[in-house]
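Q: These protein sequence lines are chains F and B, in that order. According to my numbering, numbering within the first sequence proceeds without interruption in unit steps and concludes at 320. According to my numbering, numbering within the second sequence proceeds without interruption in unit steps and concludes at 267. First, the structure itself, so that you have it in front of you.
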Amino acid sequence: MAEVLVLVDHADGEVKKVTLELLTAARRVGTPAAVWVGPGVDGALETLAANGAERVYVADAPEFVDHVVVPSVELLTQLVTEKEPAAVLVSATAENKEIAARAAIRTGSGILTDVVDLNADLVAEHSIFGGSTVSHARVTKGTPFVALRPNAISAEPTAAAGEREDVTVELSDAATAVRVVERVVQQQGERPDLSEAGIVVSGGRGVGSEDFSVVEELADALGAAVGASRAATDAGWYPHQFQVGQTGKTVSPNLYIALGISGAIQHRAGMQTSKNIVAVNKDPQAPIFELADYGVVGDLHKVAPQLTEEIKKRK
Amino acid sequence: MNIVVLVKQVPDTENERTLRGDDFTLDRAGSQGVLNELCEYAIEEAMLQKEKHGGEVTVLTMGPEQATETIRKALSMGADKAIHLSDEGLHGSDALQSAYALAKVLEGLEYDVVIMGSESTDARTGVLGAALAEYLGVAQLTQASKVEIDSDARKATVRRVTDDGYAVVEAQLPAVVSVVEKINEPRYPSFKLIMQAKKKPVETLDLAAAKIDPAEVGLAAAATAVADAQPAPARGVGTVVDDEGSGGAKIAEFLASKKFL
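Below you can see the structure in the form of structure tokens.
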């Protein structure tokens, strides 16, 4: 069976959950082979093997840290040419989509982004127009490049060889044209990554102030990520990188709790594919209730703390 | 400094959007076209850079005839002139083909920076900037929340938004820059600018004029194909209750029934 390349997402040597989902998706299509970029693979080999990676291609030259996008493009291009994989899977982050698009161009291939499901014949499902339409598409030329949304597929661990193979890439001048001067991590505390969290608790206009603790405390009780509506980030109540919506992040968690968010179409576009939706809003006419599996018409400042207490009690 | 701003007409997200039943491309006839929101931030950034460094701002769009409305909007925000790539042969082009076609137009222009929004509200692929940089062979400075240009050193430095914060990256010009909505506050066109926009030059190019190979663009040549599309299954009607003092506890019961607790 042909290999399926999976570009690994990792932070400080820790493999992100979405990569385990991609390895599971890859197994439907062929033999999963992980592609590791940057330092820190030693501590991660075991995780990758335990989640189905038969092989782990490792490219850890310093150029991969000092420059963005193009070094990974050249790595993927080289691997696609040499290994002739059945497909290349990446997570649907902004950077990975850019990497996949440029590698697709170089290899004469097509790319499908923001895929929510993938079958053994590489037919990809999309949820488009803010979740109102479901469509299916496939790549018809070259090697399919597929960017999958986090939480689209459940990770199913399975033991595999996880055999390491180091890869050297002769990088072109183009690969080093964009230099990284500084990297700043703004993720708060120990909360899970918003894009791939299984539970997201978001606050909107109804929070009413910079004090987002009512949202954060509920999120922490659930082990969830914190999100915010555009109204909240525009008001400066919460940092922009936590914005969920059309001009922010698209999330697809198992549970999405919207606190004081009316549910304008722009917000819905970013969270509509969540598996379960809970909404708290003072306005019974708020459009978010059309989506909610469970909704409470009321003041989030009363409902959310009570919910937080209840969760703590049950733990 | 010559700046080219890419703009796109998209269906208004306030209205229902659909795909055509025959070829699963966007049904433009059935929807009101508006300027893609992030394009406004790109135009604003181009104007701010022009105010700092001088030069000219050219608007470039690819789309059917009706996209001229979008061009006028961009011109009324202060851009100097526009180029409209319009040809039936482009219908159904995917993101990579669109990048190829736009790169062909740009190859015929003198530019220092290309500025665009980081994604459109219709296709939302977010790959056009990267693909364009690939075709043009110039630096990619995308997902920018801050742009600084040193025109003497011909260098640009941007704050690139990442999943967990940001990276500061720099490159020599020319470069392709894509911007996120955090970058600035787009201006409202003044009446004077709206009137002036009507007189600004708009050049229309077809495939031949832009030296685009017709075999490389359009639905038939796309590297991806849509097989089907249908309305998403309706979400089951949920339960909505009034908070009578136990709203939080009721949500906890719901979460427990779904095994979240």
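All C-beta atoms, glycine included, are put in the ideal place defined by N, C-alpha and C. Being a predicted model, the structure only gives us computed values, none of them experimental.
What residues from chain B crowd round Val20(F), counting only those whose CB sits closer than 9 Å?
A: For this step, residue 20(F) is matched to residue 15 along the first sequence. The contacting residues do not exist; Val20(F) stays about 14 Å from chain B at best.
Q: Quick one: is Gln246(F) near chain B, going by C-beta distance under 8 Å?
A: Position 241 of the first sequence, counting from 1, holds the residue named residue 246(F). At least one chain B Cβ lies under 8 Å of Gln246(F).
Q: Residues of the region 303-316 of chain F with a CB closer than 8 Å to any CB of chain B: list them in chain order, please.
A: The residues in question are Gly303, Asp304, Lys307, Val308, Ala309, Pro310, Gln311, Leu312, Thr313, Glu314, Glu315, Ile316.
Q: Using a Cβ-Cβ cut-off of less than 7 Å, list which residues of the region 34-57 of chain B approach chain F; keep chain order.
A: Listed by position along the chain: Glu43, Leu44.
Q: If we count the other Cβ atoms within 10 Å of its Cβ and call it buried at 16 or more, is Val121(F) buried or exposed?
A: As a working note, residue 121(F) is residue 116 in the first sequence. Per the 10 Å Cβ criterion, buried.
Q: Can you pull the chain F residues whose beta carbon is under 7 Å from the beta carbon of Pro5(B), in chain order?
A: In the structure displayed, chain B extends from 7 to 267; residue 5(B) sits before or after that span and is not available.
Q: So what's Glu59(F) in DSSP terms, helix, strand or just coil?
A: By one-based count along the first sequence, residue 59(F) stands at place 54. Of the three classes helix, strand and coil, the one that applies to Glu59(F) here is coil, per DSSP.
Q: Please give the ranges of any beta strand (DSSP E) in the region 106-147 of chain F, keeping only runs that are unbroken, at least 3 residues long and fully inside the region.
A: Here the runs fully enclosed are 116-123, 129-133, 138-144.
Q: Does chain B have any CB closer than 8 Å to the CB of Thr98(F)?
A: Stepping through the first sequence from its first residue, residue 98(F) is reached at position 93. For Thr98(F), the answer is yes, since a Cβ of chain B falls inside 8 Å of its Cβ.
Q: For Val232(B), which residues in chain F fall below 9 Å Cβ to Cβ?
A: Here residue 232(B) refers to the residue found at position 226 of the second sequence. Within chain F, the residues near Val232(B) are His131, Ser140, His141, Ala142, Arg143.
Q: Under 7 Å, CB to CB, which of the residues in the region 170-201 of chain F have a partner in chain B?
A: Of all residues in the region 170-201 of chain F, Ala179, Ala182, Val183, Arg184, Val185, Val186, Glu187, Arg188, Val189, Val190, Gln191, Gln192, Asp198, Ser200 have a Cβ within less than 7 Å of some Cβ in chain B.
Q: State the Cα-Cα distance for the pair Leu211(B) and Ile89(B), rounded to the nearest angstrom.
A: As a working mapping, residue 211(B) is identified with position 205 in the second sequence. As a working mapping, residue 89(B) is identified with position 83 in the second sequence. If I take the Cα positions, the gap works out to 7 Å.
Q: Going by beta carbon distance, what residues of the same chain come within less than 6 Å of Pro197(F), once the five residues before and after it are set aside?
A: For the purposes of this step, residue 197(F) is taken as residue 192 along the first sequence, with counting starting at 1. Cβ within range, chain order: Ala230.
Q: Which same chain residues end up closer than 7 Å to Ala235(B) when comparing Cβ atoms and leaving out the 5 residues on each side of it in sequence?
A: On the second sequence, residue 235(B) is found 229 positions in, with the first residue counted as 1. Cβ within range, chain order: Leu25, Phe30.
Q: Going by C-alpha to C-alpha distance, which of Glu75(B), Glu50(B), Pro70(B) sits closest to Val63(B)?
A: As a working mapping, residue 63(B) is identified with position 57 in the second sequence. Cα-wise, what sits closest to Val63(B) is Glu50(B).
Q: If we ignore side chains and look at the alpha-carbon of each, how far apart do Asn268(B) and Pro17(B) end up?
A: Within the shown structure, residues of chain B are numbered from 7 to 267, placing residue 268(B) beyond reach of any answer.
Q: For the alpha helix (DSSP H) containing Tyr141(B), list its first residue and its last residue.
A: Looking up residue 141(B) in the second sequence gives position 135. 134-142 is the extent of the alpha helix (DSSP H) around Tyr141(B).
Q: Closer than 8 Å, Cβ to any Cβ of chain B: which residues of the region 146-161 of chain F, in chain order?
A: Of all residues in the region 146-161 of chain F, Lys146, Gly147 have a Cβ within less than 8 Å of some Cβ in chain B.
Q: With a threshold of 8 Å between beta-carbons, can Leu108(B) be considered close to chain F, or not?
A: The residue given as residue 108(B) occupies position 102 in the second sequence. Taking Cβ atoms only, chain F never reaches closer than 8 Å to Leu108(B), which makes this a no.
Q: Measure the C-alpha to C-alpha separation of Thr138(F) and Asp178(F) and round it to an integer number of angstroms.
A: Position 133 of the first sequence, counting from 1, holds the residue named residue 138(F). Position 173 of the first sequence, counting from 1, holds the residue named residue 178(F). Approximately 43 Å between the Cα atoms of the pair.
Q: Taking the C-alpha atoms as reference points, what is the distance between Gln311(F) and Leu53(F)?
A: For this step, residue 311(F) is matched to residue 306 along the first sequence. For this step, residue 53(F) is matched to residue 48 along the first sequence. Gln311(F) and Leu53(F): Cα-Cα distance of roughly 40 Å.
Q: For Ile116(F) and chain B, any beta-carbon pair shorter than 8 Å?
A: Start at 1 with the first residue of the first sequence, and residue 116(F) comes out as number 111. Yes - at least one Cβ of chain B is within 8 Å of the one on Ile116(F).
Q: With a threshold of 8 Å on Cβ separation, who are the neighbours of Glu154(B) within its own chain once the five nearest residues in sequence on each side are excluded?
A: Residue 154(B) sits at position 148 when you count from the first residue of the second sequence. Result list for Glu154(B): Ala162, Thr163, Val164, in chain order.
Q: Taking only the alpha-carbon atoms, compute the straight-line gap between Arg241(B) and His59(B) and give it to the nearest angstrom.
A: One-based indexing of the second sequence puts residue 241(B) at position 235. One-based indexing of the second sequence puts residue 59(B) at position 53. So the alpha carbons of these two residues sit roughly 52 Å apart.
Q: If Ala3(B) and Leu96(B) are in contact, beta carbons under 8 Å, what's the gap, nearest whole angstrom?
A: The displayed coordinates of chain B run from 7 to 267. Any statement about residue 3(B) would go beyond what the structure contains.
Q: Judging by CA-CA distance, which residue of Lys205(B), Ala255(B), Ile77(B), Leu147(B) is the nearest neighbour of Val73(F)?
A: In the first sequence, residue 73(F) corresponds to position 68, counting from 1. That would be Leu147(B), whose Cα lies nearest to the Cα of Val73(F).
Q: Which residue wins for smallest C-alpha separation from Arg193(B), given the options Leu66(B), Gly84(B), Ala73(B)?
A: In the second sequence, counting from the first residue as 1, residue 193(B) sits at position 187. Nearest of Leu66(B), Gly84(B), Ala73(B) to Arg193(B), Cα basis: Gly84(B).
Q: Is it true that the CB of Ala165(F) sits closer than 8 Å to the CB of Gly57(F)?
A: One-based indexing of the first sequence puts residue 57(F) at position 52. One-based indexing of the first sequence puts residue 165(F) at position 160. Yes. Within cutoff.
Q: Closer than 9 Å, Cβ to any Cβ of chain F: which residues of the region 126-155 of chain B, in chain order?
A: Listed in sequence order: Thr127, Asp128, Ala129, Arg130, Thr131, Gly132, Val133, Leu134, Gly135, Ala136, Ala137, Ala139, Glu140, Tyr141, Gly143, Val144, Ala145, Gln146, Leu147, Thr148, Gln149, Ser151.
Q: When you compare the region 17-37 of chain F with the region 108-124 of chain F, are there three or more beta-carbon pairs, one atom per stretch, that lie closer than 8 Å?
A: Touching, yes, given that three or more Cβ pairs across the two stretches are closer than 8 Å.
Q: Within 10 Å of its beta-carbon, does Met351(F) have 16 or more other beta-carbons around it, so buried, or fewer, so exposed?
A: Not covered by the structure: residue 351(F). The range shown for chain F is 6 to 320.
Q: I'd like to check one pair, Asp169(B) with Thr118(F): are the Cβ atoms closer than 8 Å?
A: The count along the first sequence starts at 1 and reaches residue 118(F) at position 113. The count along the second sequence starts at 1 and reaches residue 169(B) at position 163. Cβ distance not < 8 Å, so Thr118(F) and Asp169(B) don't count as in contact.
Q: Report buried or exposed for Val186(B), applying the criterion of at least 16 other Cβ atoms within 10 angstroms of its Cβ.
A: Counting from one through the second sequence, the residue named residue 186(B) turns up at place 180. Classification for Val186(B): buried.
Q: Between Ile266(F) and chain B, is there a C-beta pair that is closer than 8 Å?
A: Taking the first sequence and counting its residues from 1, the one referred to as residue 266(F) is at position 261. By this cut-off, Ile266(F) is not an interface position.
Q: Looking only at its chain, what residues have a beta carbon closer than 6 Å to the beta carbon of Asp14(F), apart from the 5 residues adjacent to it on each side?
A: Within the first sequence, the letter at position 9 stands for residue 14(F). Cβ within range, chain order: Lys21, Val23, Thr24, Ser96.
Q: Please report the straight-line C-alpha distance between Ile262(F) and Pro244(F), rounded to a whole angstrom.
A: Against the first sequence, residue 262(F) aligns to sequence position 257. Against the first sequence, residue 244(F) aligns to sequence position 239. Near 18 Å, if we compare the C-alpha coordinates of Pro244(F) and Ile262(F).
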